[in-house]
Structures are given as C-alpha cells and as structure tokens.
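Engineer: Keeping their order, the protein sequence lines are chains B and Y. Oh and the first sequence: position 9 is 9 in my numbering, straight run, nothing missing. One gets my numbering by counting positions in the second sequence from 1 and adding 1000 to each. Note that beta-carbon positions come from the ideal geometry of N, C-alpha and C, so glycine has one too. Please find one structure pasted underneath; my questions will follow.
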Amino acid sequence: MKSSRKIFVQFVICMIFFSVIGILVNNLTVNLIRTGLGFNFNWLIKPASFALAEYPLPYSPSDSYAWALFIGWLNSLKVIISSLLVSTLLGTIIGFARTGKNSLLSFLSAGYITIIRQTPLLLQLMFWYFVGFLGLKDDMSIHIKDIFKISNQGIELSVFTLTSEFSALLLGLSIFTSAYIAEVIRGGILSVPRGQWEAFRSLGVSERKGLISIIIPQALPAIIPGLTSQYLNLAKNSTLAIAVGYSDIYAINDTIINQTGRAIECFMILLTSFLVLNLLISNSMEIINRIIINARKYN
Amino acid sequence: MNPIVIAKNLTKSYTKGLRALDNVSLTVNQGKVLVVMGPSGSGKSTLIRTFNGLETFDRGELNVLGINIEPNHDERKIQKIRRRVGMVFQQFNLFPHLSILENITLAPVHVQKRSQIEAEDYGMYLLSQMGIDSHAKKYPSQLSGGEQQRVAIARALALKPELLLFDEPTSALDPERINEVLDAMRRLAEQGMTMIVVTHEIGFAKDVSDQVLFMDSGKVIETSTPEIFFSNAQHERSRKFLNQLDKQ
Ligand SMILES: Nc1ncnc2c1ncn2[C@@H]1O[C@H](COP(=O)(O)OP(=O)(O)OP(=O)(O)O)[C@@H](O)[C@H]1O
Ligand SMILES: [Mg+2]
C-alpha cells in the first residue's frame, strides 16, 4: 500500500513538473515566432554601439556585443571581489567588537548590525549613491592631502580613481554584507568553549595572542560555511548595480535586451555568467575549507 | 612562613542579593596544600578563580605572591600574576588543535619569550615527570582523560609557577583513572609546591593537605587540619556534608 502511494505521489509531481516545462517551452516558441527572431547567438559579433562609463579593458561602441558583455562581467567581478574583501575586513572587526569585552564597542556593533540588517539593500545603495556621493555639492569634498579625496566624482586615490557609481556600490554592498559577516564571525567565536579562553588566560597569554592562536583556529570550521553563503549572496546582490547606474553584467544585459530584443539569449548568458561567478566563489571557499580541515590533525 | 595567598573578607555576587563569596578570609603559606570542600554551588570555583583573576570580586582584600589584586583589576596587572600561578581545570581545557607538546610550549615561548628548543626540552622533561612523554606528538583527543589531565598539569607547570590551583581535577575522570592524576599531584606536594585544590577526594585530602577549608553558600564554615576535619569536624554543616560523601 505504502509503496503504491509513493509511486502515485511521484507520478503527480512528475506530471506537474513536465506541464510547467511544457508551458514555458510553448511560451518561448510562440514569442520567438511573434518577434520573428530565431533563437541564435549570431548577433553577439555585431557592434554594440553603446558607450560604457567604465571598462577595465579597452572598449569602444564599435566593439562587439560579446566584448561588451565580457566587460560587464569583468565589472561585476571587480565590484564583487573588492566588496568581498572590504566586507570581510569590516565584518571581522565588527564581529570581534561585538563579542569583545568592551561594552561600548559591543553595543555600537550590535546597533550597526541591527540597523544594517533591518533596512533593504536597495535603499542603502540609493542612500550611498544619491546622498553620499551625488549629494555632495560641486565644491564639497573631503580630502586628506593629495592622497585621498571624496567628492561627487567618486573616490580619488593618488594611484587610481573610483567612479561615484562604483564607490557607492562598493560601499553599499560592503556595509550590507559586513553586518551579516559580523554575525557569522560572532557565531564562530561563540562556538569555541569558554574553557579555551580560561585556559589561555590562566597561562598569562594575552587576549590578542589567545584570539589568534587558540580561538580563531577553532572558530574557522564554523565560520567558513557561513562566510561562503554570504559571499554568494554578495555576488547575487551585486546585480542591484543597475540602481546606481554601474555597468555590471546585469545592467549591460538589460541594455542589450532593449536594443536587440534578445531576451532569451541574454537571460541564458546572464544565468551562465552567474553560475560561473558563484562556482568560482564556492569552489575557492571549498578549497580554503579543505586546507583548514587537512591542517587540523585532531578530530 | 612566607604567605603566598592572603584573602580578607572577599565578597562577590554574580546576581544581586546572592553571594557567591561572603566574607571569605584565608591564608596559604609557601609549600602548603589547602584543600577546599563544599557542596555544589558553595563558591569553591569562584574562590580559587579570584586568585588568578579569572573572576573579579566586589569587596575585600586579596594579595597573591605579594601583589595586591584590586576588586576590579585590569587585565595587564593580572597577567603578571597569571604567569606565576598555574591552573588545572575539571574539563582539562587542553587546546585540541595543538599537539601535546605544543600545548605545553605555547606559554613559555609566547609569554616568557623562551626559545622553542628550550621550551620543548623542559616540556619533555615535564611530560616524563607525568609519565606521558611517549604521547608528546599526539593530539589531546587521542589521549584518555587521565592522560589529558596530566598533560594539563604539565602545561600549568611549564611557566614554573609558585602556586598551583586545581578545580576538581579528577571529577571528570573514570574511577580507575583518578589515581594516576592524584599520584602526580602527590609528587608535586612532596616537592614542596604550594597548592590549592578543590576536591572531594578524602584520601588525597587526608594524606596530602595541610589544611581543609569547608565552604557553604559562599561562606567559610570551617578551616581545620585534615586530622580534625575528617574525624572530628567542628560544625554540624561539615559533619553532614562528610556523611553524604561517605554514602556515595
Ligand atoms: N558566571 C556565573 N554567572 C552567574 N552566577 C554564577 C556564575 N558562576 C557561578 N555562579 C553562581 O555562584 C555560586 C557559586 O558557584 P561556584 O561555581 O563557585 O560553586 P562551586 O562550589 O564551584 O560549585 P560546583 O561544586 O558545582 O563546581 C552558585 O550559586 C552559582 O550558581
Ligand atoms: Mg566548581
């Protein structure tokens, strides 16, 4: 009786699954026929004929759509990797402050984490872009000698300049993600038994040294998986770049869809781009995880 | 007589109105062994943990190794004392990610700035004293409880402490493993180590201790020599406690 019911349930699930796929394929075919565009990727080699505000590699409107998409992908990679680094640094500091003995710091970081996590990322991005950067009047700027300057043109460092779009996105993504990373770090630290703190303290080992040699190595196995999922979220959240006008892979796809009507192809490209990005991130983290587990000679 | 620990009227509450320590006074002289007994929650751990600053206290005076500890001490000052006071915990608290020898050399190398080779030589000497030098390269999880606790004692000895604190060192051990740890502690006492030991091992207390301190509800009920305490305890509360221990 039981197994026949199981088979029936599985049959129903399969039916639903295939019906949904069928409807989607049908819609696709109907749409393609209506627009008169065949499903192909030949258009990729045609000139894109739109300008980009920033490009890590040489780009001009006469370059192909494919090249424009690649530039967009690089722009995404650029903002994801830099936000990943900044948010990890910031999140670690705040996570430690949150668990530390200093009650003022702990209170401030708790407040930071709460406020950041309670407001939508889109709102925060808009805030940094429109209030933080564009809100600055033309004659307003914050600078430290010639080394560092913030104005409505973005962030200027002596060696390179970051546009205000990139800066706002970097700031918004980093701050947003850092609040989650801080919680991951805090959870990791709390997973180490109290006795470990008492043991190193009773030996006269300083808090700093104890944290580095005793607590962090034991907290890492609990931190890495949480960190990985925050990094994946960060990558996905980076598509909100379009809100501040940064030319990431999503924004460029959007432009191309408007120009060419190649929505299906573009979405496939977009999905593949993110698959590659996220596989890159999760595989790197898996490698780090392996290294940590292999370095651990105890159970 | 050189006093190592002098406590006067130590008082501490974790929660308002509930005293974990209530006017505790005691003196431990150099080379002596003090055993602390008392029912669960009587404040034994809290008391010995104030001696190396793992706990603060609210009122009273405390002098350890000639250094005054303030009620709300700062971390820097207490580190100086911790370098001269060893502690052994009920749950061993070995560092699981470090080898046995690394557990022992961590503090000498980083706190006393000794060379790695010097610290390892002395660490091996301590391990052989504890009869576990063959395990030096292993990790804590590969050792039995009794062996782990002997490693913990070796680790506490690595800084050549002038005072050793033990908080129920055998309570987490299987009965057949208890003696190997108590024997190691006996040898330390014979070598003249000053020790304060929270334990309910009557045999150990009778043989090794110079004084027994009995606590209840944060108060010192009685301080006697072991001869008097175990045969002719002065207080009703102590006698009751000993009766219960006998029954177990
Ligand atoms: N960190 C803490 N926070 C709040 N209360 C505590 C804390 N540590 C101990 N106490 C309380 O202080 C009292 C004394 O505790 P303590 O651990 O010193 O007792 P103990 O004699 O060592 O007991 P046991 O034999 O169970 O180890 C108890 O009432 C306990 O509940
Ligand atoms: Mg206790």
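(1) Does at least one heavy atom of ligand 1 sit under 7 Å from the Cβ of residue 1199 of chain Y?
(2) Nearest chain Y C-beta to residue 218 of chain B closer than 8 Å, yes or no?
(3) Under 8 Å: do the region 244 to 261 of chain B and the region 156 to 166 of chain B share three or more Cβ pairs, one atom per stretch?
(4) Would you say the region 180 to 200 of chain B touches the region 73 to 84 of chain B, given that touching needs at least three Cβ pairs under 8 Å?
(5) Ligand 1: which residues have Cβ under 5 Å from any of its heavy atoms, chain order?
(6) Residues of the region 1062 to 1077 of chain Y in Cβ contact with chain B at a cutoff of 8 Å, in chain order, please.
(7) Which residue wins for smallest C-alpha separation from residue 303 of chain B, given the options B:265, B:278, B:294 and B:194?
(8) Around the C-beta of residue 1037 of chain Y, are 16 or more other C-beta atoms found within 10 angstroms, so that it is buried, or is it exposed?
(9) When the cut-off is 8 Å and only beta carbons count, does residue 97 of chain B lie next to chain Y?
(10) Work out the CA separation of residue 261 of chain B and residue 23 of chain B for me, nearest whole Å.
(11) Taking 8 Å as the threshold (C-beta atoms), are residue 1033 of chain Y and residue 1224 of chain Y in contact?
(12) Please report the distance separating the alpha-carbon of residue 150 of chain B from that of residue 136 of chain B.
(13) From this set, Y:1133, Y:1093 and Y:1115, which residue's C-alpha is nearest residue 1141 of chain Y's C-alpha?
(14) Can you tell me whether DSSP reads residue 7 of chain B as helix, strand or coil?
(15) Return the first residue and the last residue of the beta strand (DSSP E) that residue 262 of chain B is part of.
(16) I'd like to know whether the C-beta atoms of residue 1081 of chain Y and residue 1064 of chain Y end up nearer to each other than 8 Å.
(17) Tell me, please, whether the CB atom of residue 198 of chain B is closer than 8 Å to any CB atom in chain Y?
(18) Could you run through the region 204 to 230 of chain B and flag, in chain order, every residue whose CB is less than 9 Å away from some CB of chain Y?
(19) So residue 1089 of chain Y contacts chain B; which residues on that side make the cut at Cβ distance below 9 Å?
(20) In whole angstroms, what separates the C-alpha of residue 963 of chain Y from that of residue 1014 of chain Y?
(21) Look at residue 1159 of chain Y and residue 203 of chain B and say whether their C-beta atoms are less than 8 Å apart.
(22) Mind checking which residues open and close the alpha helix (DSSP H) that includes residue 1001 of chain Y?
(23) So with Cβ pairs under 8 Å, would you call residue 1181 of chain Y a contact of chain B?
(24) Can you list, in chain order, the residues of its chain with a C-beta nearer than 7 Å to that of residue 292 of chain B? Leave out the 5 residues immediately preceding and following it.
(25) Do residue 1172 of chain Y and residue 1323 of chain Y count as a contact pair if the criterion is CB distance below 8 Å?
(26) Can you grab the Cα-Cα spacing for the pair residue 1099 of chain Y / residue 199 of chain B, in whole Å?
(27) So what does DSSP say about residue 1020 of chain Y, is it helix, strand or coil?
(28) Any heavy atom of ligand 2 closer than 7 Å to the beta-carbon of residue 1168 of chain Y?
(29) From the DSSP secondary-structure annotation, give me the bridge partner or partners of residue 1007 of chain Y.
(30) Quick check: does the Cβ of residue 192 of chain B come within less than 7 Å of any heavy atom belonging to ligand 4?
(31) Taking contact to mean 3 or more Cβ pairs, one atom from each stretch, closer than 8 Å, check whether the region 203 to 215 of chain B and the region 267 to 286 of chain B are in contact.
(32) Residue 143 of chain B lies in the beta strand (DSSP E); which residues open and close that run?
(33) Mapping the DSSP letters down to three states, classify residue 1185 of chain Y as helix, strand or coil.
(34) Scan the region 1110 to 1132 of chain Y for residues whose Cβ lies nearer than 8 Å to a Cβ of chain B and list them as they occur along the chain.
Structural biologist: Checking against the coordinates, here is how it stands:
(1) Counted from its first residue, the second sequence places residue 1199 of chain Y at position 199. No, ligand 1 has no heavy atom inside 7 Å of this Cβ.
(2) As a first step, residue 218 of chain B must be located in the first sequence, where it is residue number 218. Using a CB distance cut-off of 8 Å, residue 218 of chain B counts as an interface residue toward chain Y.
(3) In short, these stretches touch, since the Cβ pair count reaches three.
(4) Two segments are said to touch when three or more pairs of C-beta atoms, one from each, lie closer than 8 Å; by this definition the region 180 to 200 of chain B does not touch the region 73 to 84 of chain B.
(5) Those residues are Y:1014, Y:1020, Y:1040, Y:1041, Y:1042, Y:1043, Y:1044, Y:1045 and Y:1046, given in chain order.
(6) So the close ones are 1075.
(7) Lying before the first or after the last residue shown, residue 303 of chain B is absent from chain B, which here runs from 1 to 299.
(8) The sequence position of residue 1037 of chain Y within the second sequence is 37, counting from 1. It is buried - the Cβ of residue 1037 of chain Y has at least 16 other Cβ atoms within 10 Å.
(9) For the purposes of this step, residue 97 of chain B is identified with residue 97 of the first sequence, where counting begins at 1. Not one chain Y Cβ lies under 8 Å of residue 97 of chain B.
(10) Translated into positions along the first sequence, residue 23 of chain B becomes position 23. Translated into positions along the first sequence, residue 261 of chain B becomes position 261. Here the alpha carbons of residue 261 of chain B and residue 23 of chain B stand approximately 21 Å from one another.
(11) Residue mapping note: residue 1224 of chain Y aligns to position 224 of the second sequence, counting from 1. Residue mapping note: residue 1033 of chain Y aligns to position 33 of the second sequence, counting from 1. Contact check for residue 1224 of chain Y against residue 1033 of chain Y fails: the beta carbons are separated by 8 Å or more.
(12) As a first step, residue 150 of chain B must be located in the first sequence, where it is residue number 150. As a first step, residue 136 of chain B must be located in the first sequence, where it is residue number 136. Just so you know, the alpha carbons of residue 150 of chain B and residue 136 of chain B end up roughly 9 Å apart.
(13) To locate residue 1141 of chain Y, count along the second sequence from 1; it is residue 141. The alpha carbon of residue 1141 of chain Y has as its nearest neighbour, out of Y:1133, Y:1093 and Y:1115, the alpha carbon of Y:1093.
(14) By 1-based counting over the first sequence, the position of residue 7 of chain B is 7. Helix, per DSSP.
(15) Against the first sequence, residue 262 of chain B aligns to sequence position 262. Note, residue 262 of chain B: premise wrong, no beta strand (DSSP E); not H, not E.
(16) Looking up residue 1081 of chain Y in the second sequence gives position 81. Looking up residue 1064 of chain Y in the second sequence gives position 64. Their beta carbons are under 8 Å apart, which means residue 1081 of chain Y touches residue 1064 of chain Y by this criterion.
(17) For the purposes of this step, residue 198 of chain B is identified with residue 198 of the first sequence, where counting begins at 1. Yes - at least one Cβ of chain Y is within 8 Å of the one on residue 198 of chain B.
(18) Of all residues in the region 204 to 230 of chain B, 204, 205, 206, 207, 209, 213, 214, 217 and 218 have a Cβ within less than 9 Å of some Cβ in chain Y.
(19) Within the second sequence, residue 1089 of chain Y is the residue found at index 89, counting from 1. What residue 1089 of chain Y touches in chain B: 195, 198, 199 and 202.
(20) Outside the shown range of chain Y, which is 1001 to 1248, sits residue 963 of chain Y, and nothing can be said about it.
(21) Taking the second sequence and counting its residues from 1, the one referred to as residue 1159 of chain Y is at position 159. Taking the first sequence and counting its residues from 1, the one referred to as residue 203 of chain B is at position 203. Yes, these two residues count as a Cβ contact at 8 Å.
(22) As a working mapping, residue 1001 of chain Y is identified with position 1 in the second sequence. Per DSSP, residue 1001 of chain Y lies in no alpha helix (DSSP H) and is assigned neither H nor E.
(23) What you label residue 1181 of chain Y is simply residue 181 of the second sequence in a count that begins at 1. No, its Cβ sits nowhere closer than 8 Å to a Cβ of chain B.
(24) For the purposes of this step, residue 292 of chain B is taken as the residue at position 292 of the first sequence. Within the same chain, residue 292 of chain B has close Cβ partners 220, 221 and 224.
(25) Any property of residue 1323 of chain Y remains undetermined from this structure, which presents chain Y solely from 1001 to 1248.
(26) Indexing the second sequence from 1 puts residue 1099 of chain Y at position 99. Indexing the first sequence from 1 puts residue 199 of chain B at position 199. Straight through space, the alpha carbons of residue 199 of chain B and residue 1099 of chain Y are spaced by roughly 15 Å.
(27) As a first step, residue 1020 of chain Y is located in the second sequence; it is residue number 20 there, counting from the start. If DSSP states are grouped into helix, strand and coil, residue 1020 of chain Y belongs with the strands.
(28) Residue 1168 of chain Y sits at position 168 when you count from the first residue of the second sequence. Yes, Cβ of residue 1168 of chain Y sits closer than 7 Å to a heavy atom of ligand 2.
(29) The count along the second sequence starts at 1 and reaches residue 1007 of chain Y at position 7. DSSP, once it has assigned bridges, lists Y:1026 and Y:1062 as partnering residue 1007 of chain Y.
(30) Ligands in the displayed structure: ligand 1 and ligand 2; ligand 4 is not one of them.
(31) Too few Cβ pairs lie closer than 8 Å, so no.
(32) Taking the first sequence and counting its residues from 1, one reaches residue 143 of chain B at position 143. Residues 142 to 144.
(33) Translated into positions along the second sequence, residue 1185 of chain Y becomes position 185. Helix, per DSSP.
(34) Answer set for the region 1110 to 1132 of chain Y: 1110 and 1111.
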